[in-house]
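Residue numbers (my numbering): 103 to 187.
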């Protein structure tokens, strides 16, 4: 069930979108392993709010709330987000 909503409780690996730390209060799903989904390539890769001190994510892209607030009005369903390392 990579990159699909699931009902909790869910026995396999999953990501909780409602979090006490509020990291997903503003969150975009990045088009990683969406179609076709391939086992072992990872899932739940998001563009979300950063933790204090920018501690590492689990493979996501994280920004400050200020940066997110500046970016969101510029995005549409046609926006392409390209992650470069």
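Virtual Cβ for every residue (Gly too), placed ideally from N, Cα, C.
At the C-beta level, residue 167 and residue 151 come within 7 Å of one another. For residue 174, the three-state secondary structure derived from DSSP is helix. Note on geometry: alpha-carbon atoms of residue 136 and residue 149 lie some 15 Å from one another. Sequence-distant partners of residue 161 (beyond 5 residues in either direction) whose C-beta falls short of 8 Å from its own C-beta, in its chain, are 144, 147.
Fully enclosed beta strand (DSSP E) runs of no fewer than 3 residues occupy 148–151, 163–165 of the segment 130–171, in order along the chain. About 6 Å separates the beta carbons of residue 183 and residue 132, which is inside the 8 Å limit, making them a contact pair. Check the Cα spacing between residue 140 and each of 106, 186, 172, 180: the tightest is with 106.
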